[in-house]
């Protein structure tokens, strides 16, 4: 039964929906379960009767929820299916054969084809039909298996990069076996021989349905070079209206990365199955091209590989004997070198040595006569497709080559003498070039205004001259002439290759003309003699989707088969390397046509859009289960047995705020930000809480005094744990020594050393006023020695009178804390520090002393509590207060020294200092 | 008695009055019944706990004042001294299984004082008997009713089966909120009944809810025991 887009497999179950209103009434009538309560006032309730017997009802929304849940269960059990098959289709049974062409043309829309196969397999699985899958591009024995096993193997189904040959169709027909089955054929849209026979064989075994993509097949032909431009042409199977496609040229960029180097738009006319266009690229890019691809199509046929056909030319430069040595700019080959260098490989050597290397172009710069053997060899070479480029010069002008009759290697007859124009004893001015005529390989080149010709050799006006001229001057004098010989050509420039006779070699036009010429010589595809008897190794191969893969260890292919045989599993399209060159075998040859397949009318042909049948039963049952869960919660809530809101919310918050790791890091970050946002004085945690508190209060007191009297306004002091905290944030570290302190670990010492090296200062305070004095150290002193042993502390000395610490803010001579009079140790001055005349101090260490060691218990002298009272007594009476004041002054000096370094040692302060010192 | 010595000094007659200071006996009863062991909310103490707390607190104050404190019935007669506190504490911890109990006025000291703390939800006949017996002996006292706020407000609704704490009584209803008005009426009636009983016998009546402050309850009880109709 079909109801809109949903069909039901067991529709009679829906009749039970009629029972829903009855369910409603029953649920409404049945009162909820009573709650049992303990209540001492029951004695007062005895005897009270209910006024009305109408019960407390379940709320209507709960009833609705329950009704919907039951309805969902009933609907789910009735087996609803989304997008069911049409009424007319009989549900087929029996085995199912899915045939795919699996050729390169199938690779387009491959995902949709896989989706169709998936849908077919799902339906077959639900109906319990055995399924077999066959690829025509690689036919194998038919195995009818359960649909599920094919579904798991579906991911491995890929198209092959070759087309289906008649042999493959025959083999497939042979492998069909005897049983009867229904066939679904996913075809690629191209006509192959042998399709008809296979179709007949399949129809004999059962009904056949064909699925085909409506998009036409596109293929790209191999690129060809014509007149310096790359000609690309694409073909399509059916002409169904105008279409624009984009062809991308892929190649390596200078870093070796594969990129799109150029794009060419091609246009199909409404009724055309061919489209072609020309791409002109600078030769550097051309040499780097590797493949062309139609954008958007991912098939092997839309990719055409380039082989040596677009490669760098090999140019041989041969000049006559050089009379002048060392004058490079006058050499005829210099400009040719510069012109060919970016795009061609240069060969230098004698002519007979160069010819066997088979260059593409041979340049003879001012070479007049050639020996007989040389000439014969050159002629052979030109016949075979080489280009001979000759330049005139004094020797050519002075010789008699090609004067009487046309020399075989000269395009025209030359007139004796030459023509000098614009020189000291001539009539006119240097001539300029005329625009290049039609049919000339230079056609379209822009002539710059400064190209002039002042001397050249002249050509005899022969009847064949007009068709051989490819460049001329404004007065019609031929400048460049060309003659074809066999597959090659000879080109003569009537000027020199250097700048003596004309300014042409100096201009960019020269390079462009040479390029046009040099590339005009075609590199022919290998001929039969070259292919016979050789084995070609595949270097890179294409897969069905047009991706280039490394060929790995594939076997080589015999030369005869390489270009002639049809592609197959043993002959993949790709780049093959032979004895001398590389050749690309593409899917479509230059003159292959694509023909669309024409199915007979009795076969139904469908597209690839198949709305798959989707069973909804599972979803509905799941929804019903969810609703019932909600119903349970609602019923609990109604009777008050659900957790009260407060605990539920509390639980939720507790779960949500379960420490995520980010919180720990956030705390570290806030600590770091607090330590670095302001100046922070730090003290080392010693483990003795009284000591730590004193140090903390001491630094607070010092900070307050600093804020009052200086521009340094430190924030709250921070207690530093040497094992875990980062020390670099703190300019100064106050370290009170006690005998029971823990020794820092090795990592902590590493950090401390880094801190000292990075410019930090540690104030060691043994707090015992150096009781031991001379000789043995006190307990605190001994502890300090052990603690500071692994530290990188420089040699120390008692603070000299002109140390910068004595004058960084206040002028001090003693550094008292709670005790006074004991020496304080700092980094010792270099032994050669001397006092400059007129300065009241020596120029001591440039930087900040890394340690200050003393025993005067400074923190206790500085310590204040919240109310500002001093925590520890210092001395007695007025002297004591004076001593505390000096202790604060020492602290200020120390912090100033840490923050400003030896600023106060600058000469700038000397006058003020002298004034203060009373000198 | 005429005070001749003082009267002789002037024309007016003076009378000498002497006061006899003697320790008063106070007998306390905290209801041990099962109905007291009820708290409607876990934040509130049980009625029995509050009752015992008040009883002990009164005992401490009275013993400090030198009176004699004991329990009703013959198990713990009133005695002076700190040791009596420990005996009182032990005796107050006894629980009874019955749902509602009445005080045992067996060993009443004549002209003493009594303090009865209960919820008085059970049958009032026993209480009436006790009070009349006490009034015969000349014992005056305080009736202190402790109620749970839920018993005062009756916040129940829906289909409920009410059970007494001891499990002996049950009452089933289909719609509890319908019963509220009538229950509250009955509760008010009971309070009025208690008030009449006290007025007839010269006792005082106090009501306390477990959600209220125990200290203010103690203050009231102490004042009530001290002043009032005591001679």
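Residue numbers (the numbering used here), protein chains in the order written: chain A, 678 to 1596; chain B, 342 to 572.
Backbone N, C-alpha and C define an ideal beta-carbon position, used for all residues, glycine too.
Since we're looking at a predicted model, the values are computed, not measured.
Assumed close pair residue i, residue j - CB separation to whole angstroms, cut-off 8 Å
| i | j | result |
| --- | --- | --- |
| residue 1413 (chain A) | residue 1538 (chain A) | Not really, about 12 Å apart at Cβ, beyond 8 Å. |
| residue 861 (chain A) | residue 797 (chain A) | 6 Å |
| residue 801 (chain A) | residue 808 (chain A) | 5 Å |
| residue 393 (chain B) | residue 433 (chain B) | 5 Å |
| residue 389 (chain B) | residue 377 (chain B) | 4 Å |
| residue 1540 (chain A) | residue 1371 (chain A) | 6 Å |
| residue 371 (chain B) | residue 437 (chain B) | Not confirmed; about 11 Å, so no contact. |
| residue 834 (chain A) | residue 748 (chain A) | At roughly 42 Å, the Cβ-Cβ gap does not stay under 8 Å, so residue 834 (chain A) and residue 748 (chain A) are not in contact. |
| residue 1108 (chain A) | residue 1046 (chain A) | Contact doesn't hold; Cβ gap of about 29 Å is too wide. |
Simplified DSSP assignment, three categories, for residue i
| i | result |
| --- | --- |
| residue 991 (chain A) | strand |
| residue 1087 (chain A) | coil |
| residue 1260 (chain A) | strand |
| residue 1171 (chain A) | coil |
| residue 1480 (chain A) | coil |
| residue 562 (chain B) | helix |
| residue 765 (chain A) | Since pLDDT at residue 765 (chain A) reaches only 41, below the 50 mark, its modelled position is unreliable, and the value read off the structure follows with that caveat. Coil, per DSSP. |
| residue 1000 (chain A) | Any answer about residue 1000 (chain A) is weak, because its pLDDT of 48 lies below 50 and its placement is not dependable; what the coordinates show is given next. Coil. |
| residue 365 (chain B) | coil |
| residue 677 (chain A) | The structure shown does not extend to residue 677 (chain A), since chain A is modelled only from 678 through 1596, so no value can be given for it. |
| residue 690 (chain A) | helix |
| residue 1362 (chain A) | coil |
| residue 1285 (chain A) | coil |
| residue 370 (chain B) | strand |
| residue 1292 (chain A) | strand |
| residue 934 (chain A) | coil |
Cβ neighbour criterion (16 or more within 10 Å) applied to residue i
| i | result |
| --- | --- |
| residue 452 (chain B) | exposed |
| residue 1367 (chain A) | exposed |
| residue 1484 (chain A) | buried |
| residue 1217 (chain A) | buried |
| residue 1585 (chain A) | exposed |
| residue 1175 (chain A) | buried |
| residue 1286 (chain A) | exposed |
| residue 542 (chain B) | buried |
| residue 1457 (chain A) | buried |
| residue 358 (chain B) | exposed |
| residue 1119 (chain A) | buried |
| residue 1158 (chain A) | buried |
| residue 516 (chain B) | buried |
| residue 533 (chain B) | exposed |
| residue 857 (chain A) | exposed |
The segment 1241-1257 of chain A contacting the segment 1273-1282 of chain A, beta-carbon criterion three pairs below 8 Å: The segment 1241-1257 of chain A makes no contact with the segment 1273-1282 of chain A; the number of CB pairs closer than 8 Å stays below 3.
In the segment 1123-1161 of chain A, which residue ranges form an unbroken alpha helix (DSSP H) of at least 4 residues, counting only runs that do not cross its ends? At a cut-off of 4 residues, the continuous stretches assigned as alpha helix (DSSP H) that sit fully inside the segment 1123-1161 of chain A are 1142-1145.
Start-end ranges of the alpha helix (DSSP H) lying completely within the segment 813-893 of chain A, minimum 4 residues: Fully enclosed alpha helix (DSSP H) runs of no fewer than 4 residues occupy 824-830, 843-851, 872-880 of the segment 813-893 of chain A, in order along the chain.
Taking only runs of the beta strand (DSSP E) that begin and end inside the segment 1512-1571 of chain A, which ones reach a length of at least 3 residues, in chain order? With a minimum length of 3 residues, the continuous beta strand (DSSP E) runs that stay inside the segment 1512-1571 of chain A are 1528-1531.
For the pair the segment 530-546 of chain B and the segment 475-484 of chain B, tell me if three or more CB-CB distances fall below 8 Å. Contact between the segment 530-546 of chain B and the segment 475-484 of chain B is present: three or more C-beta pairs spanning the two stretches fall below 8 Å.
Length at least 4, wholly inside the segment 414-475 of chain B: the alpha helix (DSSP H) runs in chain order: The alpha helix (DSSP H) runs lying completely inside the segment 414-475 of chain B and spanning 4 residues or more are 424-433, given in chain order.
Can you give, in chain order, each stretch of the beta strand (DSSP E) that sits fully within the segment 1390-1454 of chain A and has at least 3 residues? Taking only runs of at least 3 residues, the beta strand (DSSP E) segments lying wholly in the segment 1390-1454 of chain A are 1395-1397, 1409-1413, 1438-1442.
Can you check the segment 510-547 of chain B for any alpha helix (DSSP H) of at least 4 residues that lies completely inside it and give the ranges in chain order? The segment 510-547 of chain B contains, as complete alpha helix (DSSP H) runs of 4+ residues, the segments 517-542 (chain order).
Count Cβ pairs between the segment 1107-1127 of chain A and the segment 1178-1187 of chain A that sit closer than 8 Å; are there 3 or more? Touching, per the Cβ criterion.
At a cut of 8 Å, does the segment 1481-1497 of chain A reach the segment 1514-1534 of chain A through at least three beta carbon pairs? Short answer: they touch.
Tell me, please, whether the segment 554-565 of chain B touches the segment 741-760 of chain A by the rule of three or more beta-carbon pairs shorter than 8 Å. By the Cβ criterion, the segment 554-565 of chain B is not in contact with the segment 741-760 of chain A, since fewer than three pairs of Cβ atoms, one from each stretch, lie closer than 8 Å.
Indicate whether the contact test is met: 3 or more Cβ pairs, each with one atom in the segment 1464-1484 of chain A and one in the segment 1550-1561 of chain A, closer than 8 Å. No, because fewer than three Cβ pairs between the segment 1464-1484 of chain A and the segment 1550-1561 of chain A fall closer than 8 Å, the two stretches do not touch.
Assess contact between the segment 882-889 of chain A and the segment 847-864 of chain A, defined as three or more Cβ pairs (one per stretch) separated by less than 8 Å. Is contact present? By the Cβ test, the segment 882-889 of chain A is in contact with the segment 847-864 of chain A, since at least three Cβ pairs between them sit closer than 8 Å.
Mind listing, in chain order, the continuous beta strand (DSSP E) runs of no fewer than 3 residues lying wholly within the segment 1010-1085 of chain A? With a minimum length of 3 residues, the continuous beta strand (DSSP E) runs that stay inside the segment 1010-1085 of chain A are 1021-1025, 1038-1042, 1064-1068.
Kindly provide the ranges of any beta strand (DSSP E) runs that are 3 or more residues long and lie completely inside the segment 1199-1254 of chain A, ordered along the chain. You should have 1212-1219, 1225-1227, 1251-1254.
At a cut of 8 Å, does the segment 1210-1225 of chain A reach the segment 1065-1084 of chain A through at least three beta carbon pairs? As far as the Cβ criterion goes, the segment 1210-1225 of chain A does not touch the segment 1065-1084 of chain A, which means the pair count is below three.
Can we say the segment 1298-1313 of chain A touches the segment 909-928 of chain A, given the rule of at least three CB pairs closer than 8 Å? These segments do not touch.
State whether the segment 1426-1445 of chain A contacts the segment 1395-1415 of chain A, with contact taken as three or more CB pairs (one from each stretch) at a distance under 8 Å. Judged by Cβ distances under 8 Å, the segment 1426-1445 of chain A makes contact with the segment 1395-1415 of chain A, as three or more pairs qualify.
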